[in-house]
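Undergrad: Sending over a structure as structure tokens; questions will come in a sec.
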Amino acid sequence: MTVEERVLDGNAAGGLLLELFGVDLTAAPCMCGGCGAREEVARLDVYVDCPGVVIRCRHCRNVMITIVRGPERTWIDLRGTSMMEF
Amino acid sequence: MAGTAVLGRLTWLAATVAATNEETPRVHTLTLDVAGWGCHRAGQHLDVRLTAEDGYQAERSYSIASAPGDPLAITVERLEDGEVSPYLVDDVAEGDVFEVRGPIGGYFVWDGDEPEPVLLVAGGSGVVPLMAMARHRAQVGSTAPMRLLYSSRTWDDVIYRDELATLGIDVVHTLTRQQPPGWSGYTRRIDDELLREVAFSAADGPRVYVCGSTRFVDAAADGLVRLGYDPRSIRTERFGATG
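From first to last, the protein sequence lines stand for chains G and Y.
Position one of the first sequence corresponds to residue 10 (the working numbering), numbered consecutively onward.
Position one of the second sequence corresponds to residue 654 (the working numbering), numbered consecutively onward.
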């Protein structure tokens, strides 16, 4: 499978984000820390078959969110996101 | 999108299979009884979690096929080499129990109270969340014009084939691999010319929902933008190739 065929969208991360944040974030506007583009989470590119889940800006490909789950804890890297509104 | 956020922690719930229905040989609908399940919105999905005897767990997302208020149902396509879908399509029986959580999603939803025309574009089993919208439209008596452009490989692969003709929406099929004798409809993958012939005029301000494989969704959405559609009016949901 090519990288282009592996890419999903923020809908695919909806359950995970709802579990972690307690709020449905798929319709939440989110600003890319790389290029400043503002898109709903559902419109971001999502890769779920990495080690963890990687969410990228659909415009500049910047990694906006990385989520890695362990057996008893979760790591969330939000460096690539400058703002999230919900 | 302010106000669309849904508060509440997401927990795994036990789902009992109340009924199964073969839509096509590769696609089955499962009606589920889930104690504690809230009401969903048309277009949302849920997560399914299967746990093996050795504790190994696999999770996948499936679109909800039923209209809000109707018994909860998902429609699942068997993907070869999948971890979850072969079980859900081939092995599951009434009374079986697995875990679900949801409903999930506040973006790819249609609530039925908007008057704008609605264009639905489906590739294969991408029709499932769009079916929930079409069923919801019929149920609430919405007069919003709704048109479904539905790409399938063959006539026998068309999911919900008979019911689609009864919902009071325009349905335009394209059969990309094989057509029945006497077929006069479209026979090719969705392209700009086909979209131009089928889609509402961009000037009518339609809402658009596109669901299918990543390649299908990108082709349809890009084509609609070239037709003059506002990119922000096009809601897309891509589904994965691992099931």
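Heads up, the beta-carbon is just placed ideally off N, CA and C, and yes, glycines get one too.
1. G/Thr35 versus chain Y: which residues are under 8 Å apart at the beta carbon?
2. Does the beta carbon of Y/His693 come closer than 8 Å to any beta carbon on chain G?
3. Distance check for Y/Asp744 and Y/Thr677, CA to CA, integer angstroms please.
4. What does the alpha-carbon distance come out to for the pair Y/Ala655 and G/Ala37?
5. Pop quiz: G/Leu17 and G/Val57 are said to be a contact at Cβ under 8 Å. What is the actual Cβ separation, rounded to whole angstroms?
6. Check the DSSP bridge columns for Y/Phe751 and list the partner residues they point to.
7. Would you mind stating whether Y/Gly691 and Y/Pro756 have Cβ atoms separated by less than 8 Å?
8. Given a cut-off of 8 Å, decide if Y/Val737 and Y/Leu683 are closer than it, judged by their beta-carbon atoms.
9. Which two residues bound the contiguous alpha helix (DSSP H) that contains Y/His789?
10. Using the three-state DSSP reduction, which class does Y/Arg900 fall into: helix, strand or coil?
11. What separation, rounded to the nearest whole angstrom, lies between the Cα atoms of G/Phe95 and Y/Gln832?
12. On the DSSP bridge list, what partners appear for G/Thr90?
13. Decide if the segment 835-846 of chain Y is in contact with the segment 748-764 of chain Y; the criterion is three or more beta carbon pairs, one per stretch, under 8 Å apart.
14. Taking 7 Å as the limit between beta carbons, can you name the residues of its chain near G/Gly43, skipping five residues before and five after?
15. Opposite Y/Arg849 in the DSSP bridges: which residues?
16. Would you mind telling me which residues of chain G sit closer than 9 Å to Y/Thr889, beta carbon to beta carbon, in chain order?
17. Which residues does DSSP list as the beta-bridge partners of Y/Asn674?
18. Please determine, among Y/Glu816, Y/Glu846 and Y/Thr807, the residue with the shortest C-alpha to C-alpha distance to Y/Thr827.
19. Ignore the nearest five residues each way along the sequence and tell me which others in G/Val50's own chain have a CB closer than 6 Å to its CB.
20. For Y/Leu741 and Y/Ala711, what's the separation of their Cα atoms in angstroms?
21. What's the gap between the Cα of Y/Val780 and the Cα of Y/Arg888?
22. Looking at chain Y, which residues of the segment 77-92 of chain G have a Cβ within less than 8 Å of any of its Cβ atoms?
23. Could you list the residues in the segment 864-886 of chain Y with a C-beta less than 7 Å from some C-beta on chain G, going in chain order?
24. Cβ closer than 7 Å: which chain G residues qualify as neighbours of Y/Leu663?
TA: Considering the structure as presented:
1. Ile757, Gly758, Gly759, Tyr760 and Phe761
2. no
3. 15 Å
4. With a pLDDT of only 47 at Y/Ala655, under the threshold of 50, the placement of this residue in the model should not be trusted, and no figure is reported.
5. 6 Å
6. Y/Ala668
7. yes
8. no
9. Val780 to Val793
10. Residue 900 of chain Y is absent from the structure shown; chain Y starts at 654 and stops at 896.
11. 47 Å
12. G/Cys41
13. no
14. Cys66, Cys69, Asn71 and Gly89
15. In DSSP, Y/Arg849 forms no bridge with anything.
16. Asp18, Asn20, Ala51 and Arg52
17. Y/Thr682
18. Y/Thr807
19. Gly19, Leu34, Thr35, Ala37 and Cys39
20. 12 Å
21. 14 Å
22. none
23. Thr867 and Arg868
24. Gly24, Leu27 and Glu28
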